[in-house]
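**Q** Structure below; questions to follow.
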Amino acid sequence: MRRATDKPSRMWGGRFQKPPSPEAEAFSRSIEIDARMWRQDVWGSIAHARMLASCNILTPQEAEQIVQGLLELGQEIESGALQLDPGAEDIHTFIEASLHNKIGPVAGKLHTARSRNDQVATDSRLWVKDAIRLILLHLHYLQEIIVSTASKHTKTLMPGLTHQQHAQPVSLAHHLMAYFWMFERDFERLWDCQKRMDYSPLGSGALAGTSFAINRRFTAEELGFSGVVENSMDAVSDRDFAAEFIFACSLMMVHLSRLSQELISWSSPEFGYVTLDDAFTTGSSIMPQKKNPDIAELIRGRSALAIGNTAGILSLLKGLMLTYNRDLQDDKPLLFGTFDIALPSLDLMAAMISTAEWNVKAMRAASRGDFSTATELADYLVQKGETFREAHRIVGEIVLHCISERQPLEKMTLPQLRKRSKLFGEDALELIRPERALMAHNTEGGPSPKRVQEQIRRARRILRRHEPFAD
Ligand code: ARG
284 MRRATDKPSR
294 MWGGRFQKPP
304 SPEAEAFSRS
314 IEIDARMWRQ
324 DVWGSIAHAR
334 MLASCNILTP
344 QEAEQIVQGL
354 LELGQEIESG
364 ALQLDPGAED
374 IHTFIEASLH
384 NKIGPVAGKL
394 HTARSRNDQV
404 ATDSRLWVKD
414 AIRLILLHLH
424 YLQEIIVSTA
434 SKHTKTLMPG
444 LTHQQHAQPV
454 SLAHHLMAYF
464 WMFERDFERL
474 WDCQKRMDYS
484 PLGSGALAGT
494 SFAINRRFTA
504 EELGFSGVVE
514 NSMDAVSDRD
524 FAAEFIFACS
534 LMMVHLSRLS
544 QELISWSSPE
554 FGYVTLDDAF
564 TTGSSIMPQK
574 KNPDIAELIR
584 GRSALAIGNT
594 AGILSLLKGL
604 MLTYNRDLQD
614 DKPLLFGTFD
624 IALPSLDLMA
634 AMISTAEWNV
644 KAMRAASRGD
654 FSTATELADY
664 LVQKGETFRE
674 AHRIVGEIVL
684 HCISERQPLE
694 KMTLPQLRKR
704 SKLFGEDALE
714 LIRPERALMA
724 HNTEGGPSPK
734 RVQEQIRRAR
744 RILRRHEPFA
754 D
C-alpha cells in the first residue's frame, strides 16, 4: 500500500513564508468528502491531458505518460492498492500528488491551462450527471411497482379523503396512481435539469480562461458533455446545477414522505388497510406485540434533511460575488447527502409497496356507512330538476337524520327519502352504494375502473419512453 505523502501535496506555497496553521488546514480540508469524485477527477484529467497534446501544448509522449499514470492510479484506487491520504487538501490535490509519485515531474504539466476552479466545477457536473442517471433508474423502477400494484386494485374501493375526512369513494389503484404522476414529474424534472447542466466548464481556468490555445470542445466531447459553458466566470462560480438537483430530489422526497405517511396511517389498527412486510418494520425493545413502520418513518424524516439541503445550497450561493469562493466547496456534503437520502428511499419504498399486503376488505368496510355517496344523492335531485343548493340542503338533512338515528345512508328506504323530497325514485337507492358511485365517476382522470385502466395504459406508455434515459 502506498501513500502520496512523501511529497508536499499542497498545490501552492511559493509565495508563502510559512504553511497554514494545522487548524486552518484541517478546517479547509475536503478530501474525506470530495474523494467520492475521484473517478470524475481522473477522467477529467485524462481528457485535459489529451486535449493539451492535441493542441501541441504537451508532447504526445508527455500526454501518454500522464494518461497512463492516471489510468493506473484509477485502477489502484479502485482496487484499494492506493489509499486516499486523509491529510491531502482535496481529491484534486491528492490525485496530482499521487501522479507525481508515480511518473515524476512530468506530472507537473497536467495542470497547464487549468485551475482547480474549472476542475472542481467539471468533476461536480460529471458526478451529478451520473447521480441523476442512477436516480432515474431507481425512480423508474418504483413507478413500475406502483403501476403493477395499481393494476390489481382498480376495483378495490377505498374512502377518498379531504381534510382527512371521508369525502367520496375512490379505489386503491386511483390513489396509488396519483403518486405515479408525482413521480413522473420528478422524473421529468431531474431529466430536465440534467440537460441544463450538460455543458463543460473545463477550460475556463480560474475565472478568465487562459492564454494557451486550448480546445474546450475537445474536452467537452471526451467527457460526454453536449457543449461548453458560454462564460468562463459563470462556469467556475455557477452551482445552479447543484441547487436544481438538490431541489428536484427534495421534492421527490416530499412525495415519498407523503406516501410514507399514508403507509404509516394505513398500517395502524385504526385504518388496517395494509400490512407491511416484516422486512421493512421493526419491533419494540419493551412491547412484544409491536410492529412499527420505521422505514416509512425514516423516509419521512430524511425528507426533512433533503429539504434542509435545499435551503443550504441556496443560502450558500446567495451572497457570493463572482467568481469562485471557497464557500462553494461545501456544496459537496449537500449534494452527496441528498443523493444518499434519495436513492435508498426510492428502493425501500418500491420494496415496501411490492411486498405490502393490501387489506381489501378493510378498505371496502371503511367505505360503508361513511356518507361518501351523499354527493351522488344531491346530484340525483339536480338531474330531477332541483337546484344544486336546494338539493344540497335536502341531502344534508337526510345525513343529519341518519346520524341521529345511527343509520347508514345506504340503509335508507325509499319512503324515508321521499319524506324529504318527492323527486326521489327507486333508482336513487342504487346510487348510494359506494361501488356504484365509483363506477359513475367516469370523467377523464376520474376514479372509475375504466378511467383508471386508461390511466394505467398511459402510464405504461410513458414508462416505455423512459427506457432510453434510464439505462
Ligand atoms: N476543494 C476546492 C473546492 O471544492 C477546490 C477548489 C479550490 N480552489 C481554490 N481557489 N482554493 O472548491
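So in the numbering used here, spot 387 of the sequence shown is number 670, and the numbers just go up one at a time. Ideal placement from N, C-alpha and C gives every residue a C-beta, glycine not left out.
What is the C-beta distance between leucine 588 and glycine 620, in whole angstroms, given that I count them as a contact (C-beta under 8 Å)?
**A** The pair is a contact, with the Cβ atoms about 7 Å apart (cut-off 8 Å).
**Q** Just mark leucine 354 as buried or exposed, buried being the case when its beta carbon has 16 or more other beta carbons within 10 Å.
**A** So leucine 354 ends up on the exposed side.
**Q** Mapping DSSP to helix, strand and coil, what is threonine 558?
**A** Correct three-state label for threonine 558: strand.
**Q** So what does DSSP say about tryptophan 464, is it helix, strand or coil?
**A** DSSP places tryptophan 464 in helix when its eight states are reduced to three.
**Q** Out of curiosity, what's the CA-to-CA distance linking arginine 716 and tryptophan 474?
**A** For arginine 716 and tryptophan 474, the distance between alpha carbons rounds to 44 Å.
**Q** Could you check how far apart the C-beta atoms of valine 735 and histidine 457 are, in whole angstroms? I think they sit under 8 Å.
**A** Indeed, because the Cβ distance is near 5 Å, the residues count as touching under 8 Å.
**Q** Alpha carbon to alpha carbon, how far is alanine 605 from proline 388?
**A** It should be noted that the sequence gives leucine, not alanine, for residue 605. Using only the alpha carbons, I get a separation of about 34 Å.
**Q** Does any heavy atom of the ligand ARG sit closer than 6 Å to the C-beta of glutamine 454?
**A** Strictly speaking, residue 454 in this sequence is serine, with glutamine absent from that position. Checking every heavy atom of the ligand ARG against the Cβ of serine 454, none is found closer than 6 Å.
**Q** With DSSP as the reference, identify every bridge partner of glutamate 640, one or two as the case may be.
**A** Paired residue(s): Thr558.
**Q** Which value, in whole angstroms, describes the spacing of the CA atoms of aspartate 289 and alanine 336?
**A** With a pLDDT of 43 at aspartate 289, under the threshold of 50, the modelled position of that residue is not reliable, and no figure is offered here.
**Q** Can you list the alpha helix (DSSP H) stretches of 4 or more residues lying completely in the segment 653-731, in chain order?
**A** Within the segment 653-731, the complete alpha helix (DSSP H) runs of at least 4 residues are 657-666, 671-688, 697-703, 710-714, 717-723.
**Q** Any heavy atom of the ligand ARG closer than 6 Å to the CB of glutamine 612?
**A** For the ligand ARG, at least one heavy atom lies less than 6 Å from the Cβ of glutamine 612.
**Q** Quick check: leucine 542 and isoleucine 578, are their CB atoms within less than 7 Å of each other?
**A** Their beta carbons are not under 7 Å apart, which means leucine 542 does not touch isoleucine 578 by this criterion.
**Q** Could you name the residues of the same chain whose beta carbon sits closer than 8 Å to that of phenylalanine 466, not counting the 5 residues immediately before and after it, in chain order?
**A** The answer, listed in chain order, is Leu422, Leu425, Gln426, Ile429, Met535, His538.
**Q** Which of helix, strand or coil does DSSP assign to threonine 445?
**A** If DSSP states are grouped into helix, strand and coil, threonine 445 belongs with the strands.
**Q** So, using beta-carbon positions, are serine 328 and leucine 356 closer together than 7 Å?
**A** Result no, Cβ atoms of serine 328 and leucine 356 do not sit closer than 7 Å.
**Q** Report all residues from its chain with a CB closer than 7 Å to the CB of proline 343; omit the five preceding and five following residues, and keep chain order.
**A** Excluding residues within five positions, the ones whose Cβ falls inside 7 Å are Ala336.
**Q** Please return the same chain residues whose Cβ sits closer than 7 Å to the Cβ of methionine 516, not counting the five positions on each side in sequence.
**A** Excluding residues within five positions, the ones whose Cβ falls inside 7 Å are Leu490, Leu605, Thr606.
**Q** Can you tell me which of Leu419, Ala720, Lys733 puts its alpha carbon nearest to the alpha carbon of phenylalanine 654?
**A** Comparing Cα-Cα distances from phenylalanine 654 to each of Leu419, Ala720, Lys733, the minimum goes to Ala720.
**Q** Out of curiosity, what's the CA-to-CA distance linking serine 520 and aspartate 317?
**A** Each residue's alpha carbon lies about 17 Å from the other.
**Q** Could you check which residue in Phe463, Cys476, Ala461, Gly507 has the C-alpha nearest to that of serine 483?
**A** Selected option, being the one with the closest Cα: Gly507.
**Q** Quick check on DSSP: helix, strand or coil for alanine 450?
**A** It is a strand residue.
**Q** Taking the alpha helix (DSSP H) that cysteine 532 belongs to, which residues open and close that run?
**A** Segment 523-549, the alpha helix (DSSP H) holding cysteine 532.
**Q** Measure the C-alpha to C-alpha separation of alanine 723 and proline 691 and round it to an integer number of angstroms.
**A** Rounded to whole angstroms, alanine 723 to proline 691 spans 20 Å at the Cα level.
**Q** Is there contact here, the segment 436-454 with the segment 631-650, by at least three beta-carbon pairs under 8 Å?
**A** With a cut-off of 8 Å, the segment 631-650 and the segment 436-454 count as touching, because enough Cβ pairs lie within range.
**Q** Tell me, please, whether the segment 345-354 touches the segment 363-371 by the rule of three or more beta-carbon pairs shorter than 8 Å.
**A** These segments do not touch.
**Q** Using a Cβ-Cβ cut-off of 6 Å (strictly less than) and excluding sequence neighbours within five positions of phenylalanine 671, which residues of its own chain qualify?
**A** Same-chain partners within the cutoff: Val665.
**Q** With 16 other CB atoms within 10 Å as the buried threshold, where does phenylalanine 495 fall?
**A** Per the 10 Å Cβ criterion, exposed.
**Q** Exposed or buried, which one is valine 557 when buried takes at least 16 other CB atoms within 10 Å?
**A** Buried, because 16 or more other Cβ atoms sit within 10 Å of the Cβ of valine 557.
**Q** Hey, would you say threonine 395 sits closer than 7 Å to isoleucine 340, going by beta carbons?
**A** Against a cut-off of 7 Å, the Cβ pair of isoleucine 340 and threonine 395 comes out as a contact.
**Q** Where does the unbroken alpha helix (DSSP H) through glutamate 361 begin, and where does it stop?
**A** Taken as a continuous stretch (DSSP letters only), the alpha helix (DSSP H) holding glutamate 361 covers 343-362.
**Q** So, helix, strand or coil for leucine 365, using DSSP?
**A** In this structure, leucine 365 counts as strand in the three-state DSSP scheme.
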